[in-house]
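Here the structure is laid out as structure tokens; the discussion comes afterwards.
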Amino acid sequence: MMADTYGESPLVARADTLVAAADPGAVRLRELPFRAQVNLRVDPKSPAAERIGTAIGVMLPNQGGEVATNNDLTVLWLGPDEWLVLGPDHDTDRILTLLRDALDDDFGSVTDVSAHRTVIDISGPRTRELLAKGCSLDLHPRVFGAHQCAQTLLGRAQVVLLCWDEQRPHYWLFVRASFARHVVDWLNDACLEYRGGWP
């Protein structure tokens, strides 16, 4: 008899902190736990890469920081031969099957990393200002716009930042589970001025 599996978000103990940190008129924060995340490594010029693009309905991005989407999958460029494939909650098995079948016997790897990072959804008019307090990226809309991503540091923690909308600022922050609480605590402190905490 198999035991029931139980998953707990790395931020379950910081749920109240996320709510308290936000100010609806400035910044909104929420966790998106259990997003399907699959790491893909393959030669971008190989037949396997083309088969994978056909199988998932979107070709693999080939420029630094580029993001491609179809109806339910999003593909982030992480390196010259590395991508992060995102899908709906608990959809990992379907994505793994699609990628592995398309990879076939060609050289490459398909790895479930869903438990490696959690996702923090950040939006609101002061979002770029908030992120700039702990991130060295130039987040100006002309430089870092919609459907772009970057690996960077935020509050000294390694993160992946994905921009969904630069006009009405909306980002996803991918943070390693072991650093998730630290990042939320940092965000809480950085949001203090928006809650009237400074004189």
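Each residue of the sequence shown is one higher than the one before, starting from 0 at the first, in numbering that gives the first Met the number 0.
Backbone N, C-alpha and C define an ideal beta-carbon position, used for all residues, glycine too.
DSSP places H169 in the strand class (E or B) of the three-state scheme. Within the same chain, Cβ atoms closer than 7 Å to the Cβ of G64 are found at W76, Q147, C148 and A149, the five residues on either side in sequence being excluded. One Cα belongs to V66, the other to Y193, and the distance between them is close to 31 Å. DSSP places E30 in the strand class (E or B) of the three-state scheme. N70 sits in coil when the DSSP states are folded into three classes, being neither helix nor strand. Boundaries of the beta strand (DSSP E) around D88: E81 to D88.
When secondary structure is reduced to three states using DSSP, G52 falls in the helix class.
In this structure, P32 is the residue among C162, N61, H89 and P32 with its C-alpha nearest to the C-alpha of V11. DSSP, read as helix, strand or coil, puts S177 in helix. Per DSSP, V118 lies in no alpha helix (DSSP H); the unbroken beta strand (DSSP E) holding it starts and ends at R116 to S122. CA-to-CA, the gap between T91 and A101 works out to about 15 Å. In this structure, I94 sits near V37, with a CB-CB distance shorter than 8 Å. Only residues of its own chain outside the window of five on either side were considered, and among them H115, R116 and Q157 have a CB closer than 7 Å to the CB of R175, listed in chain order. By the 16-neighbour rule on beta-carbons within 10 angstroms, T110 is exposed. Straight-line spacing of the CA atoms in T96 and A145 works out to 29 Å. For A20, the secondary structure class from DSSP, reduced to helix, strand or coil, is helix. Under DSSP, the beta-bridge partners assigned to R40 are E81 and S108.
Inter-segment contact for the region 77-86 and the region 126-146 is absent: fewer than three beta-carbon pairs are separated by less than 8 Å. If you draw a straight line from the Cα of L98 to the Cα of S108, it is about 9 Å long.
Inter-residue distance for G133 and R40 is about 30 Å (C-alpha atoms, whole angstroms). By the C-beta density criterion, A35 is buried, having at least 16 other C-beta atoms within 10 angstroms.
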